[in-house]
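Data block below; observations after.
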Amino acid sequence: MNIFRLAGDMTHLASVLVLLLKIHTIKSCAGVSLRTQELYAIVFATRYLDIFTSFVSVYNTFMKLVFLGSSFSIVWYMRYHKAVHRTYDREQDTFRHWFLVLPCLVLALLIHEKFTFLEVLWTFSLYLEAVAILPQLVLLQRTRNIDNLTGQYIFLLGGYRGLYILNWIYRYFTEPHFVHWITWIAGLVQTLLYADFFYYYFLRFIGGRGVE
Amino acid sequence: DTPKGFHDEL
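Here the protein sequences come in this chain order: V and B.
According to my numbering, the first sequence holds residues 8 to 219 in order.
According to my numbering, the second sequence holds residues 53 to 62 in order.
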């Protein structure tokens with residue numbers, strides 16, 4: 008564990024807590040894409056299958072349970088909780104996210120580190136996570152300006168993988184044989200997809216306006 | 053660290 012990875016995990020945890028805070032306290036998911044949340048639930052479900060077979064550390068297992076529990080409960084809230092579901096913007100959240108799942112699965116079957124069931128699903132979860140934010144970014148452009156909590160959620164979600172890139176650089180220079188091209192490229196693509204959002208997000212900080 | 057091949061990152 009290094010400071011970059013810890014900062015990345017804490018940023019990721021913060022993004023999930025901000026979203027849960029928004030949905031649980033003000034009972035609103037306005038501006039939040041259910042489709043992105045569904046993709047993230049699949050990402051964690053396919054990435055953490057080894058939670059039962061391989062024990063890394065208490066921290067690792069605990070965080071996996073937190074991410075699994077929060078992603079599925081957010082989907083449940085947005086789908087079935089009466090008050091929250093009412094604030095869900097169904098007409099605008101129309102990105103065909105299921106079209107993202109199949110190509111990621113095919114790609115994982117073609118490009119992976121090891122051809123085993125767990126490894127292919129783990130690789131699939133990496134590819135899927137790289138594009139999971141797309142429905143949310145499309146929704147963002149349709150609903151003109153968003154509230155601060157949603158903006159902070161997306162900012163933290165984009166930032167965590169950026170910190171992971173620093174973690175990979177650090178591990179590359181400090182651990183022999185630490186080379187994971189698939190993870191690095193997927194993480195880089197994922198972070199680059201936020202570039203446009205980061206630009207407007209920082210403009211907001213400088214200009215003090217809402218996220219246009 | 054973790055057994056070879058397992059992923060130790062989240």
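Just so it is clear, CB atoms sit at the ideal spot from N, CA and C, and this is done for glycine as well.
Remember, predicted model here, so these are calculated numbers, not experimental data.
Would you mind telling me which residues of chain B sit closer than 9 Å to residue i, beta carbon to beta carbon, in chain order?
| i | result |
| --- | --- |
| N9 of chain V | Under the 9 Å cutoff, chain B gives no residues; its nearest Cβ is about 11 Å from N9 of chain V. |
| V186 of chain V | Simply none; closest approach about 13 Å. |
| V138 of chain V | Ordered by position in chain B, no residue passes the 9 Å Cβ test against V138 of chain V, which lies about 19 Å from the chain. |
Going along chain B in order, which residues have a C-beta closer than 7 Å to the C-beta of residue i?
| i | result |
| --- | --- |
| W129 of chain V | H59 |
| M70 of chain V | L62 |
| V196 of chain V | Under the 7 Å cutoff, chain B gives no residues; its nearest Cβ is about 17 Å from V196 of chain V. |
Can you give the Cα-Cα distance for residue i and residue j, rounded to whole angstroms?
| i | j | result |
| --- | --- | --- |
| L135 of chain V | V82 of chain V | 17 Å |
| A14 of chain V | Y66 of chain V | 14 Å |
| L156 of chain V | D203 of chain V | 18 Å |
| V145 of chain V | H187 of chain V | 30 Å |
| G232 of chain V | R97 of chain V | The first residue shown for chain V is 8 and the last is 219, placing residue 232 of chain V beyond what the model contains. |
| A90 of chain V | Y201 of chain V | 30 Å |
| W191 of chain V | G169 of chain V | 11 Å |
| L210 of chain V | H19 of chain V | 22 Å |
| L128 of chain V | L116 of chain V | 9 Å |
| Y167 of chain V | E182 of chain V | 21 Å |
| F180 of chain V | H88 of chain V | 47 Å |
| D57 of chain V | L114 of chain V | 21 Å |
| T54 of chain B | T32 of chain V | At T54 of chain B, the pLDDT of 46 sits below 50, so the modelled position is not reliable; the number obtained from the coordinates is stated separately. Rounded to whole angstroms, T54 of chain B to T32 of chain V spans 39 Å at the Cα level. |
| R151 of chain V | Q99 of chain V | 11 Å |
| D16 of chain V | L62 of chain B | 8 Å |
| T198 of chain V | R93 of chain V | 31 Å |
| F212 of chain V | K29 of chain V | 20 Å |
| F122 of chain V | F185 of chain V | 19 Å |
| Y55 of chain V | G158 of chain V | 27 Å |
For residue i, which residues in the same chain have their Cβ closer than 6 Å to its Cβ, ignoring the five residues on either side in sequence?
| i | result |
| --- | --- |
| S22 of chain V | Y160, L163, L164 |
| Y177 of chain V | N9, F11 |
| R86 of chain V | none |
| P142 of chain V | S40, R42, T43, F102, H104 |
| L107 of chain V | V138 |
Give every residue of the same chain whose Cβ lies closer than 8 Å to the Cβ of residue i, excluding the five residues on either side of it in the sequence, and list them in chain order.
| i | result |
| --- | --- |
| T60 of chain V | L125 |
| L27 of chain V | S77, S80, I81 |
| E120 of chain V | E126, T130, H187, I189 |
| L195 of chain V | I172 |
| A193 of chain V | L133, Y134, E136, A137 |
| K34 of chain V | H88, A90, V91, T94 |
| L112 of chain V | F131 |
| K71 of chain V | F51, Y55, I58 |
How far does the alpha helix (DSSP H) with residue i in it extend, from its first residue to its last?
| i | result |
| --- | --- |
| F74 of chain V | 65–87 |
| K29 of chain V | 10–32 |
| P142 of chain V | 141–149 |
| V50 of chain V | 41–54 |
| Q197 of chain V | 188–199 |
Using the beta-carbon of each residue, which ones in chain B are nearer than 8 Å to residue i?
| i | result |
| --- | --- |
| F74 of chain V | L62 |
| V50 of chain V | Those within 8 Å of V50 of chain V in chain B number zero; the least Cβ separation is about 11 Å. |
| N67 of chain V | D60, L62 |
Given residue i, which residues of its chain have a CB within under 7 Å of its CB, disregarding the five upstream and five downstream residues?
| i | result |
| --- | --- |
| A139 of chain V | T43, L46, Y47, V50 |
| V63 of chain V | none |
Task: Interface positions of the stretch 11–44 of chain V facing chain B (Cβ-Cβ less than 8 Å), listed along the chain - done: R12, D16, H19
TODO: Taking only beta carbons into account, state which residues of the stretch 85–102 of chain V come closer than 9 Å to chain B, listed in chain order.
DONE: none
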